[in-house]
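Trainee: The structure's right below; bear with me while I get my questions together.
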Amino acid sequence: MIPELGQFALILALLLAIAQVVFGLSGAARRDPAWMAAARSAVVGQFVFVALAFGALAWAFVERDFSVKYVAYNSHSELPLFYRIAAVWGAHEGSLLLWSLCLSAWTLAVTAASASLDPPFRSRVLGFLGVISVGFQLFMLTTSNPFERLVPAATEGADLNPLLQDFALAVHPPILYLGYVGFSVAFAFACATLLEGRLDAAWARWTRPWTLAAWLFLTIGISLGSWWAYYELGWGGWWFWDPVENASFMPWLAGTALIHSLAVTEKRGLFKSWTLLLAVAAFSLSLLGTFLVRSGVLISVHAFATDPKRGIFILSFLTLVIGGALVLYAWRAPRLKSSAAFEGTSRESFLLFNNAFLVAALALILLGTLYPLFMDAFELGKVTVGAPWFNLMFLVPMLPLVLLLGVGMHAAWKRGLLSSLKTRLYAAAGLAIAGAILISAAAYADLKPMTTLGFALALWVMLSSLLIPLARLRARQPMPAAVIGMVIAHFGVGLATLGITGVQSYKVEKDFALGIGEAATIAGYDFRLSALRSVRGPNYGAVEADVVVSHGGRPVTVLHPQKRFYDSGGNAMTEAGIEVGAARDLFAALGDDLGQGRWSVRLQYKPLIRYVWLGAILIALGGAIAALDRRYRLRVAAAARDAVVSAAP
Amino acid sequence: MTPRRKRLLAVLAIVAGVGIATALAMLAFRDNLLYFYNPTQVLAGDAPTGRTFRIGGMVTEGSLKRTAGTLLVQFVVTDYQHSVPVRYEGLLPDLFKEGKGVIAHGHMTESGEFAADEVLAKHDENYMPPEVAASLHTPTPARVSQ
């Protein structure tokens, strides 16, 4: 009964989403307050019914209702409660419902916070958000219904993929989706702006915190995915340039370019049409990511859906949304003129470089991701673009980006760089180069040019970020949240660069066959397999090993890698044993019983890897602090004033 | 310089920059593209000799052999028409199983064995690599002529 109510709620939500589009867009065109109010009511109603549908599916999982096909395929009676709830979005149908829930939650938040906006503009924004909502709900109801019944009901579920029975991956999809879907706000704002053919500073100011919020969720979501791949896939890699990873990284790059370009549009009234194009691009790439992952077009470890009907639907929807937005852009963007002069070393110039390099990186990744699909479509052979290509190509725009970041942070609007600043920056650069040589020569006894360059750029950005609060404190200038956020995020970029350089340059990974009492040595650490035993978990049995690690005869730690066998059957799962450290991670994964009392073991030494994720956390934290700047909360008054001014003539 | 000429120069610089970047990217493609072949194509001599590629198919039931106490594994990859023996030294992924899909990266040796340096199996245990699924469903010329 409850699943049928869930499906009914979903149908009502779709009808309300259609009402939101019709009343939102035509209400604005007719300037009819009653119609525009109806669009807002539709938003609230839609949220309630999507939430009810989501609740119904969650209930079916909690109650182990195996008469629902989706539950039977993705749950098991012994699955712990936390993972029964996480299983709601563990596969295709439920993750779409989650997408839809995130979208209606964002729409509700926009509705609540936008009372100060010009009513027709606000109404158009809700209308465009409704279009996306209609698309996803229609997709669910026609091709991927999570409430479909199984006749006769299954007596036992097939279980949630054991790889997904993990904390980081349970929370990874909701956070990633909040990011993906969050860009729909900037997208709807851009479409409404283009339709009205008018863009002012208030628009940019209004969009910035929303874009920052979406971007920071995406940052956290991507980092969680990377962290999970590191400890759960048992390979110890943290980024594979897999098409699914690229699919989430491309909107992130577009979003990063967007938050920087929005700053110029708000402060200086420049880059207007470029900013709008980036807003369209960031969301289009989120949709493209969903298409790539969900349609099964990719040869990828993550794609779990292969159904051509679904692929065609998403492709048509993608064409409609992206094509529609681009047509709107081509038609209206020429109206938006921005003209103001700025000097070569002003902040505007540096942000222009930032955007150019980020978009170049994005274009290269897009090329590498889609190239195999083109080759396949034109029967030119089945190929994969290897990770070395991405590593090389990504460096080309990233090196100048990070180099210029250290200077650009200090640049003033409109004017060139001050000479007093130049002295300080030279000092920071000198210190960074000396520090980099010291780290690679003294700590790792291996002075490779690219590694030293990476360390130097990392230290350069970190030192340069720290100069800002120091200078402000000395001059007794205030530190608004936006500046604090920027400093923290950029310091995070430096820290992540440090981690990436360290782990990519000095990591050691090797497979061994070890019997009890035998040892292997990597990077100066001795790993001894000292014991093997059987252990029990809530829904699995496992073989656990004790791997005693020592360095120069001194004991360091004992790692406990496991090989798990889930009761529901299926394949074994590797749980790596990891010792986390500030300077390095030590990693052991247990393979198979090789016979003669030996097991295969993968040992890894991962220097500085923690700083990759610590950097990402700081980047997200910086975004959060910047989004909470007082300026954005004062916008209500400012927007009202702008509205009066623009209505006056 | 007039603003018009300045803009023209800027546009030319951008075009040249993008052109060079694209050329470099495509050049780098050549060394980093991994081609995929199924056992039938490999035995027909379509696969390159002397460079690495990916081979994919199903692991033949009962073909997995270990040399006890070492990391050496041997198994046979098949597309149900032809088969290629594979040897690999290292940890097999969790989802590796006889009768399931697999993709291996490496090169052909003189003895007609595929020496793998990496073995990939996919998330879903009922998974069949799309290339394998496609090659299994493509009717062979022999069947078409019947």
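These protein sequences, in sequence, are chains A and B. Just so we're aligned, residue 70 is where the first sequence starts under the working numbering, counting upward by one. Just so we're aligned, residue -18 is where the second sequence starts under the working numbering, counting upward by one. Ideal Cβ positions, reconstructed from N, Cα and C, are used throughout, including at glycine.
#1: With a cut-off of 8 angstroms on the beta carbons, I'd call Val333/A and Val254/A a contact; round off their distance for me.
#2: Considering only C-alpha positions, which residue in the set Trp296/A, Tyr575/A, Phe419/A is nearest to Leu677/A?
#3: I'd like the list of long-range same chain contacts for Leu73/B, defined as Cβ closer than 7 angstroms, with 5 residues on each side in sequence excluded.
#4: For the segment 628 to 646 of chain A, enumerate the residues whose C-beta is nearer than 8 angstroms to any C-beta of chain B, in chain order.
#5: Taking only runs that begin and end inside the segment 326 to 410 of chain A, name each unbroken beta strand (DSSP E) of 3 or more residues, in chain order.
#6: Between which residues of its own chain and Ala156/A is the CB-CB distance below 6 angstroms, once the five residues before and five after are set aside?
#7: Should Arg(-14)/B be listed as close to the ligand ZN, given that the test is whether its C-beta is under 7 angstroms from any heavy atom?
#8: Closer than 8 angstroms, CB to CB, is Gly50/B near chain A or not?
#9: At a CB-CB cut-off below 7 angstroms, which residues of chain B make contact with Ser669/A?
#10: Note down, in chain order, all residues in the segment 217 to 235 of chain A with a beta-carbon under 8 angstroms from any beta-carbon belonging to chain B.
#11: Name the chain D residues whose beta carbon is nearer than 7 angstroms to that of Asp661/A?
#12: Are the C-beta of Leu14/B and some C-beta of chain A separated by less than 8 angstroms?
#13: State the Cα-Cα distance for the pair His371/A and Val313/A, rounded to the nearest angstrom.
#14: Is Leu(-7)/B buried or exposed, if buried means 16 or more other CB atoms sit within 10 Å of its CB?
#15: For Pro66/B, which residues does DSSP report across the bridge?
#16: If you measure from the beta carbon of Ala2/B to each beta carbon in chain A, is any gap under 8 angstroms?
#17: Could you please tell me which residues of the segment 68 to 102 of chain B, in chain order, have their CB closer than 7 angstroms to any CB of chain A?
#18: Which residues share a DSSP beta bridge with Ala85/B?
#19: Which residue comes first and which comes last in the beta strand (DSSP E) that contains Val113/A?
#20: Alpha carbons only, please: which of Gln206/A, His161/A, Leu302/A, Leu247/A is nearest the one belonging to Asp75/B?
#21: Please list, in chain order, the residues of the segment 9 to 33 of chain B that have any C-beta partner in chain A closer than 7 angstroms.
#22: Could you check how far apart the C-beta atoms of Ala25/B and Phe34/B are, in whole angstroms? I think they sit under 8 angstroms.
#23: So what's Ser715/A in DSSP terms, helix, strand or just coil?
#24: Taking Leu449/A as the reference, give the member of Tyr18/B, Glu42/B, Gly82/B with the closest Cα.
#25: Would you call Leu5/B buried or exposed, if buried means 16 or more other Cβ atoms sit within 10 Å of its Cβ?
#26: Identify which residue in Gly638/A, Ser509/A, Ala348/A has its Cα closest to the Cα of Val390/A.
#27: Determine, using beta carbons only, whether Ala451/A comes closer than 8 angstroms to chain B.
#28: I want to see whether chain A comes within less than 8 angstroms of Arg47/B, judged by CB atoms only; does it?
#29: Which stretch, first to last residue, makes up the alpha helix (DSSP H) that contains Val649/A?
#30: Look at the alpha carbon of Lys579/A and the alpha carbon of Pro630/A, and state the distance between them as a whole number of angstroms.
#31: Tell me the rounded alpha-carbon separation between Ala527/A and Leu8/B.
#32: State the DSSP-derived secondary structure class of Glu578/A, mapped to helix, strand or coil.
#33: Beta-carbon within less than 7 angstroms of Thr262/A's beta-carbon, same chain only, minus the 5 sequence neighbours each way: which residues are those?
Mentor: A quick look at the data gives this:
#1: Along the first sequence, one-based indexing puts residue 333/A at 264. Along the first sequence, one-based indexing puts residue 254/A at 185. Contact between Val333/A and Val254/A is ruled out by a C-beta separation of about 20 angstroms, above the 8 angstroms threshold.
#2: Along the first sequence, read from residue 1 onward, the residue named residue 677/A stands at position 608. If we check each option's Cα against that of Leu677/A, Tyr575/A comes out closest.
#3: In the second sequence, counting from the first residue as 1, residue 73/B sits at position 92. The answer, listed in chain order, is Val54, Val100.
#4: Within the segment 628 to 646 of chain A, the qualifying residues are Gly639, Asn640, Ala641, Met642, Thr643.
#5: Runs of the beta strand (DSSP E) inside the segment 326 to 410 of chain A: none found.
#6: Position 87 of the first sequence, counted from the start, is the residue given in the question as residue 156/A. Short of 6 angstroms from the beta carbon of Ala156/A, and not among the five residues preceding or following it, lie these beta carbons of its own chain, in chain order: Phe130, Asn143, Ser144, Leu229.
#7: In the structure shown, the ligand ZN is absent, as is every other ligand, since no ligand is present at all.
#8: Looking up residue 50/B in the second sequence gives position 69. Taking Cβ atoms only, chain A reaches closer than 8 angstroms to Gly50/B, which makes this a yes.
#9: Start at 1 with the first residue of the first sequence, and residue 669/A comes out as number 600. One finds Leu52, Leu72 in chain B with Cβ atoms closer than 7 angstroms to the Cβ of Ser669/A, taken in chain order.
#10: Correct list: Asn230, Leu232.
#11: In the structure shown, chain D does not exist; the protein chains are A and B.
#12: Stepping through the second sequence from its first residue, residue 14/B is reached at position 33. Among the CB atoms of chain A, one or more fall inside 8 angstroms of the CB of Leu14/B.
#13: On the first sequence, position 302 is the one that residue 371/A refers to. On the first sequence, position 244 is the one that residue 313/A refers to. Any reading at His371/A must be qualified, since the residue scores a pLDDT of 38, below 50, and its modelled position is unreliable; the value itself is stated next. One C-alpha to the other measures close to 7 angstroms.
#14: Within the second sequence, the letter at position 12 stands for residue -7/B. The residue in question, Leu(-7)/B, is exposed, as its Cβ has fewer than 16 Cβ neighbours within 10 Å.
#15: Reading the second sequence from its first residue, position 85 is the one you call residue 66/B. Among the bridge pairs identified by DSSP, Pro66/B is matched with Val57/B.
#16: To locate residue 2/B, count along the second sequence from 1; it is residue 21. Yes, because at least one Cβ of chain A sits closer than 8 angstroms to the Cβ of Ala2/B.
#17: The segment 68 to 102 of chain B vs chain A, Cβ under 7 angstroms: Gly71, Leu72, Leu73, Asp75, Leu76, Lys78.
#18: For the purposes of this step, residue 85/B is identified with residue 104 of the second sequence, where counting begins at 1. The partner list for Ala85/B (beta bridge, DSSP) reads Ile36/B, Val100/B.
#19: Residue mapping note: residue 113/A aligns to position 44 of the first sequence, counting from 1. Val113/A -> not in any beta strand (DSSP E); alpha helix (DSSP H) instead, spanning 102 to 131.
#20: For the purposes of this step, residue 75/B is taken as the residue at position 94 of the second sequence. Of the candidates Gln206/A, His161/A, Leu302/A, Leu247/A, the one whose C-alpha sits nearest the C-alpha of Asp75/B is Leu302/A.
#21: Residues Ala9, Phe10, Asn13, Leu14, Leu15, Tyr16, Phe17.
#22: Taking the first residue of the second sequence as position 1, residue 25/B is located at position 44. Taking the first residue of the second sequence as position 1, residue 34/B is located at position 53. Contact doesn't hold; Cβ gap of about 14 angstroms is too wide.
#23: For the purposes of this step, residue 715/A is taken as residue 646 along the first sequence, with counting starting at 1. At Ser715/A, the pLDDT of 44 sits below 50, so the modelled position is not reliable; the number obtained from the coordinates is stated separately. Three-state result, Ser715/A: helix.
#24: Counted from its first residue, the first sequence places residue 449/A at position 380. The closest CA to that of Leu449/A, considering only Tyr18/B, Glu42/B, Gly82/B, is found on Tyr18/B.
#25: As a working mapping, residue 5/B is identified with position 24 in the second sequence. The C-beta of Leu5/B has fewer than 16 other C-beta atoms within 10 Å across all chains shown, which makes the residue exposed.
#26: Within the first sequence, residue 390/A is the residue found at index 321, counting from 1. If we check each option's Cα against that of Val390/A, Ala348/A comes out closest.
#27: Along the first sequence, one-based indexing puts residue 451/A at 382. As written in the sequence, residue 451/A is Lys, which differs from the Ala given in the question. Closer than 8 angstroms to some Cβ of chain B, the Cβ of Lys451/A qualifies, so yes.
#28: Looking up residue 47/B in the second sequence gives position 66. It does; some Cβ of chain A falls within 8 angstroms.
#29: Taking the first sequence and counting its residues from 1, the one referred to as residue 649/A is at position 580. Note, Val649/A: premise wrong, no alpha helix (DSSP H); not H, not E.
#30: For the purposes of this step, residue 579/A is identified with residue 510 of the first sequence, where counting begins at 1. For the purposes of this step, residue 630/A is identified with residue 561 of the first sequence, where counting begins at 1. Note on geometry: alpha-carbon atoms of Lys579/A and Pro630/A lie some 15 angstroms from one another.
#31: For the purposes of this step, residue 527/A is identified with residue 458 of the first sequence, where counting begins at 1. For the purposes of this step, residue 8/B is identified with residue 27 of the second sequence, where counting begins at 1. Roughly 29 angstroms separates the two Cα atoms.
#32: On the first sequence, position 509 is the one that residue 578/A refers to. Residue state, collapsed to three classes: strand.
#33: As a position in the first sequence, residue 262/A is number 193, starting the count at 1. Within the same chain, Cβ atoms closer than 7 angstroms to the Cβ of Thr262/A are found at Leu268, Trp272, Leu345, the five residues on either side in sequence being excluded.
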